[in-house]
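Position one of the sequence shown corresponds to residue 1278 (my numbering), numbered consecutively onward.
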Amino acid sequence: MLKSERATFIQQRLNELYPNPPIPLGHQSSFQLLVAVLLSAQCTDKRVNEVTPNLFAIAPDAHAMLKVPTEQIYKIIRPCGLAPKKSAAISELSRILVEKYDGDVPENLLELEMLPGVGHKTASVVMSQGFGHPAFPVDTHIHRLAQRWGLTKGKNVTQTERDLKKNFPPETWNKLHLQIIFYGREYCTARGCDGRVCDICKTCYPNRKRPFKNNKA
1278 MLKSERATFI QQRLNELYPN PPIPLGHQSS FQLLVAVLLS AQCTDKRVNE
1328 VTPNLFAIAP DAHAMLKVPT EQIYKIIRPC GLAPKKSAAI SELSRILVEK
1378 YDGDVPENLL ELEMLPGVGH KTASVVMSQG FGHPAFPVDT HIHRLAQRWG
1428 LTKGKNVTQT ERDLKKNFPP ETWNKLHLQI IFYGREYCTA RGCDGRVCDI
1478 CKTCYPNRKR PFKNNKA
(Lines of atoms letter the chains of each structure in order from A and count residues from 1; the text may use other names and numbers.)
(Lines give C-alpha, C1' and ligand atoms only; values in the text may rest on other atoms or scores of the structure.)
Protein backbone atom coordinates (compact mmCIF):
# COMPACT_ATOMS: atom_id res chain seq x y z
CA MET A 1 0.00 0.00 0.00
CA LEU A 2 1.25 3.46 -0.88
CA LYS A 3 1.04 6.15 1.78
CA SER A 4 -1.72 7.89 -0.19
CA GLU A 5 -3.67 4.61 -0.33
CA ARG A 6 -3.24 4.11 3.41
CA ALA A 7 -4.46 7.64 4.07
CA THR A 8 -7.55 7.10 1.90
CA PHE A 9 -8.39 3.80 3.58
CA ILE A 10 -7.84 5.22 7.07
CA GLN A 11 -10.10 8.17 6.41
CA GLN A 12 -12.84 5.95 4.97
CA ARG A 13 -12.65 3.53 7.89
CA LEU A 14 -12.73 6.29 10.48
CA ASN A 15 -15.69 7.94 8.76
CA GLU A 16 -17.55 4.63 8.94
CA LEU A 17 -16.83 4.19 12.64
CA TYR A 18 -17.12 7.81 13.77
CA PRO A 19 -19.20 9.84 11.29
CA ASN A 20 -19.85 12.60 13.84
CA PRO A 21 -17.24 12.44 16.61
CA PRO A 22 -18.16 14.58 19.62
CA ILE A 23 -15.77 16.97 21.33
CA PRO A 24 -14.64 15.01 24.42
CA LEU A 25 -14.26 17.92 26.84
CA GLY A 26 -17.43 19.53 28.14
CA HIS A 27 -17.60 23.31 27.69
CA GLN A 28 -19.99 26.15 26.94
CA SER A 29 -17.53 28.70 25.54
CA SER A 30 -14.07 29.05 24.05
CA PHE A 31 -12.79 30.13 27.47
CA GLN A 32 -14.12 26.99 29.13
CA LEU A 33 -12.64 24.86 26.35
CA LEU A 34 -9.27 26.55 26.80
CA VAL A 35 -9.28 25.82 30.53
CA ALA A 36 -10.48 22.24 30.01
CA VAL A 37 -7.75 21.50 27.46
CA LEU A 38 -5.15 23.00 29.78
CA LEU A 39 -6.38 20.72 32.57
CA SER A 40 -6.26 17.66 30.29
CA ALA A 41 -2.46 17.65 30.19
CA GLN A 42 -1.39 14.30 31.70
CA CYS A 43 -5.00 13.72 32.75
CA THR A 44 -7.93 11.82 31.25
CA ASP A 45 -10.84 13.63 29.62
CA LYS A 46 -13.15 11.76 31.99
CA ARG A 47 -11.45 13.21 35.03
CA VAL A 48 -11.42 16.70 33.55
CA ASN A 49 -15.16 16.44 32.85
CA GLU A 50 -15.71 15.46 36.48
CA VAL A 51 -13.83 18.52 37.72
CA THR A 52 -14.78 21.36 35.39
CA PRO A 53 -18.50 21.60 36.29
CA ASN A 54 -17.51 22.61 39.84
CA LEU A 55 -14.97 25.11 38.54
CA PHE A 56 -17.22 26.65 35.89
CA ALA A 57 -20.14 26.87 38.33
CA ILE A 58 -18.28 29.60 40.21
CA ALA A 59 -16.21 30.93 37.30
CA PRO A 60 -17.83 30.45 33.88
CA ASP A 61 -15.72 33.12 32.18
CA ALA A 62 -12.40 34.93 32.47
CA HIS A 63 -13.85 37.87 34.43
CA ALA A 64 -15.30 35.53 37.07
CA MET A 65 -12.20 33.30 37.14
CA LEU A 66 -10.01 36.31 37.84
CA LYS A 67 -11.94 36.91 41.07
CA VAL A 68 -11.37 33.35 42.33
CA PRO A 69 -8.26 32.95 44.51
CA THR A 70 -5.62 30.71 42.97
CA GLU A 71 -5.72 28.56 46.11
CA GLN A 72 -9.42 27.87 45.54
CA ILE A 73 -8.81 26.96 41.90
CA TYR A 74 -6.05 24.63 43.09
CA LYS A 75 -8.37 22.80 45.48
CA ILE A 76 -11.00 22.26 42.79
CA ILE A 77 -8.66 21.07 40.03
CA ARG A 78 -6.36 19.01 42.25
CA PRO A 79 -7.74 15.66 40.98
CA CYS A 80 -6.45 16.57 37.49
CA GLY A 81 -2.83 16.52 38.62
CA LEU A 82 -0.14 19.20 38.29
CA ALA A 83 -2.54 21.44 40.19
CA PRO A 84 0.00 24.04 41.41
CA LYS A 85 1.18 24.76 37.87
CA LYS A 86 -2.26 24.54 36.27
CA SER A 87 -4.03 26.72 38.86
CA ALA A 88 -1.36 29.41 38.51
CA ALA A 89 -1.67 29.28 34.72
CA ILE A 90 -5.48 29.55 34.84
CA SER A 91 -5.28 32.58 37.14
CA GLU A 92 -2.66 34.32 35.03
CA LEU A 93 -4.24 33.62 31.65
CA SER A 94 -7.57 34.88 33.01
CA ARG A 95 -5.87 38.13 34.03
CA ILE A 96 -4.31 38.52 30.57
CA LEU A 97 -7.59 37.75 28.80
CA VAL A 98 -9.43 40.35 30.87
CA GLU A 99 -6.77 43.04 30.58
CA LYS A 100 -5.82 42.52 26.95
CA TYR A 101 -8.90 40.99 25.30
CA ASP A 102 -11.80 42.15 27.53
CA GLY A 103 -12.26 38.56 28.66
CA ASP A 104 -12.46 37.03 25.20
CA VAL A 105 -10.20 34.24 23.95
CA PRO A 106 -8.12 35.40 20.97
CA GLU A 107 -8.98 33.66 17.72
CA ASN A 108 -5.32 33.51 16.75
CA LEU A 109 -2.91 30.59 17.15
CA LEU A 110 0.17 32.66 17.97
CA GLU A 111 -1.66 34.79 20.53
CA LEU A 112 -3.06 31.66 22.17
CA GLU A 113 0.41 30.14 22.40
CA MET A 114 1.60 33.21 24.30
CA LEU A 115 -0.85 32.57 27.15
CA PRO A 116 0.49 30.89 30.33
CA GLY A 117 0.21 27.09 30.25
CA VAL A 118 -0.89 27.07 26.61
CA GLY A 119 1.36 25.19 24.20
CA HIS A 120 0.96 24.53 20.51
CA LYS A 121 -1.27 21.49 20.99
CA THR A 122 -3.64 23.26 23.38
CA ALA A 123 -3.82 26.30 21.11
CA SER A 124 -4.51 24.06 18.11
CA VAL A 125 -7.37 22.32 19.92
CA VAL A 126 -8.97 25.67 20.75
CA MET A 127 -8.57 26.91 17.18
CA SER A 128 -10.07 23.66 15.88
CA GLN A 129 -12.81 22.79 18.36
CA GLY A 130 -13.50 26.26 19.70
CA PHE A 131 -13.39 28.34 16.54
CA GLY A 132 -13.64 25.82 13.71
CA HIS A 133 -10.36 26.73 12.03
CA PRO A 134 -8.46 23.89 10.32
CA ALA A 135 -5.89 22.50 12.75
CA PHE A 136 -4.42 19.08 13.47
CA PRO A 137 -3.46 18.90 17.15
CA VAL A 138 -1.04 16.02 17.71
CA ASP A 139 -0.34 14.50 21.11
CA THR A 140 1.63 11.37 21.96
CA HIS A 141 -1.38 9.14 21.23
CA ILE A 142 -1.98 10.48 17.72
CA HIS A 143 1.79 10.41 17.18
CA ARG A 144 1.80 6.71 18.07
CA LEU A 145 -1.02 5.79 15.69
CA ALA A 146 0.35 7.87 12.82
CA GLN A 147 3.60 5.93 13.09
CA ARG A 148 1.89 2.55 13.31
CA TRP A 149 -0.14 3.37 10.21
CA GLY A 150 2.87 4.51 8.21
CA LEU A 151 1.71 8.10 7.88
CA THR A 152 4.90 9.53 9.38
CA LYS A 153 8.42 8.64 10.40
CA GLY A 154 8.61 11.72 12.55
CA LYS A 155 10.52 11.46 15.81
CA ASN A 156 8.38 14.12 17.48
CA VAL A 157 4.85 15.49 17.42
CA THR A 158 5.93 18.55 15.42
CA GLN A 159 7.10 16.48 12.47
CA THR A 160 4.10 14.16 12.77
CA GLU A 161 1.74 17.14 12.59
CA ARG A 162 3.44 18.36 9.42
CA ASP A 163 3.20 14.91 7.83
CA LEU A 164 -0.47 14.44 8.72
CA LYS A 165 -1.30 17.83 7.24
CA LYS A 166 0.38 16.73 4.01
CA ASN A 167 -1.53 13.44 3.90
CA PHE A 168 -5.03 14.85 4.44
CA PRO A 169 -6.84 17.94 3.08
CA PRO A 170 -7.39 20.83 5.54
CA GLU A 171 -11.17 20.45 5.56
CA THR A 172 -10.76 16.99 7.15
CA TRP A 173 -8.24 17.87 9.87
CA ASN A 174 -10.61 18.84 12.68
CA LYS A 175 -12.75 15.74 12.32
CA LEU A 176 -9.80 13.39 11.79
CA HIS A 177 -8.11 14.61 14.94
CA LEU A 178 -11.11 13.48 16.98
CA GLN A 179 -11.63 10.28 14.99
CA ILE A 180 -8.05 9.14 15.54
CA ILE A 181 -8.37 9.82 19.27
CA PHE A 182 -11.52 7.70 19.55
CA TYR A 183 -10.10 4.90 17.41
CA GLY A 184 -6.93 4.85 19.48
CA ARG A 185 -8.91 4.52 22.68
CA GLU A 186 -11.18 1.78 21.36
CA TYR A 187 -9.15 -0.31 18.93
CA CYS A 188 -5.50 0.74 18.65
CA THR A 189 -4.52 1.21 22.28
CA ALA A 190 -0.96 1.62 23.49
CA ARG A 191 -0.80 -1.89 24.95
CA GLY A 192 -3.68 -3.64 23.22
CA CYS A 193 -2.34 -3.24 19.69
CA ASP A 194 1.29 -3.64 18.68
CA GLY A 195 0.79 -2.67 15.05
CA ARG A 196 -0.61 -6.10 14.08
CA VAL A 197 -3.95 -6.33 15.88
CA CYS A 198 -6.48 -3.65 14.93
CA ASP A 199 -8.25 -3.46 11.58
CA ILE A 200 -6.35 -0.44 10.30
CA CYS A 201 -2.94 -1.82 11.26
CA LYS A 202 -3.68 -5.20 9.68
CA THR A 203 -5.02 -3.63 6.48
CA CYS A 204 -2.17 -1.16 6.08
CA TYR A 205 0.51 -3.71 6.92
CA PRO A 206 -0.86 -7.25 6.38
CA ASN A 207 2.63 -8.76 6.31
CA ARG A 208 3.97 -7.15 9.46
CA LYS A 209 5.52 -10.00 11.48
CA ARG A 210 6.99 -8.25 14.48
CA PRO A 211 5.53 -5.78 16.97
CA PHE A 212 5.94 -2.22 15.73
CA LYS A 213 8.21 -0.02 17.83
CA ASN A 214 7.30 3.64 17.96
CA ASN A 215 9.67 6.56 18.01
CA LYS A 216 8.68 8.26 21.24
CA ALA A 217 7.53 11.84 20.93
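Even glycine gets a Cβ: it sits at the ideal position worked out from N, Cα and C.
Since this is a predicted model, take the numbers as computed values, not measurements.
Going by DSSP in three states, residue i sits in which element: helix, strand or coil?
i, result
"Asn-1492", "coil"
"Met-1278", "coil"
"Met-1404", "helix"
"Asn-1297", "coil"
"Gln-1289", "helix"
"Cys-1357", "helix"
"Gln-1349", "helix"
"Thr-1399", "helix"
"Leu-1392", "coil"
"Ala-1423", "helix"
"Gln-1319", "coil"
"Leu-1387", "helix"
"Val-1375", "helix"
"Thr-1222", "Lying outside 1278 to 1494, the shown extent of the chain, residue 1222 is not represented and no answer is given."
"Leu-1370", "helix"
Hey, out of the options, whose CA is closest to residue i's CA?
i, options, result
"Glu-1448", "Ala-1336, Phe-1413, Lys-1363 and Asp-1471", "Phe-1413"
"Tyr-1351", "Lys-1377, Lys-1344, Ile-1367 and Pro-1337", "Ile-1367"
"Ile-1354", "Leu-1316, Glu-1369 and Arg-1487", "Leu-1316"
"Val-1403", "Gln-1289, Glu-1282, Leu-1302 and Gln-1288", "Leu-1302"
"Lys-1479", "Trp-1426, Lys-1493 and Thr-1437", "Trp-1426"
State yes or no: is the C-beta of residue i within less than 7 Å of the C-beta of residue j?
i, j, result
"Pro-1296", "Gln-1456", "no"
"Asn-1444", "Ala-1284", "yes"
"Asn-1451", "Ser-1401", "no"
"Glu-1388", "His-1397", "no"
"Ala-1318", "His-1304", "no"
"Ser-1307", "Gly-1407", "yes"
"Pro-1488", "Asp-1476", "no"
"Val-1328", "Cys-1357", "yes"
"Pro-1346", "Glu-1369", "no"
At what residues does the alpha helix (DSSP H) containing residue i begin and finish?
i, result
"Tyr-1482", "Segment: none, Tyr-1482 is in no alpha helix (DSSP H) and carries neither H nor E."
"Asp-1440", "1434-1444"
"Phe-1413", "Looking at the DSSP string, Phe-1413 is not in any alpha helix (DSSP H), and its letter there is neither H nor E."
"Val-1312", "1307-1316"
"Asp-1381", "Taken as a continuous stretch (DSSP letters only), Asp-1381 belongs to no alpha helix (DSSP H), as it is neither H nor E."
"Thr-1329", "1322-1335"
"His-1304", "Element bounds for His-1304: n/a, residue is neither H nor E."
"Lys-1452", "1447-1463"
Subject >> Contact between the segment 1319-1331 and the segment 1413-1427 (3+ Cβ pairs under 8 Å) >> reply: no
Original post:
Does the pairing of the segment 1334-1354 with the segment 1369-1384 give three or more beta-carbon distances under 8 Å?
Top reply: yes
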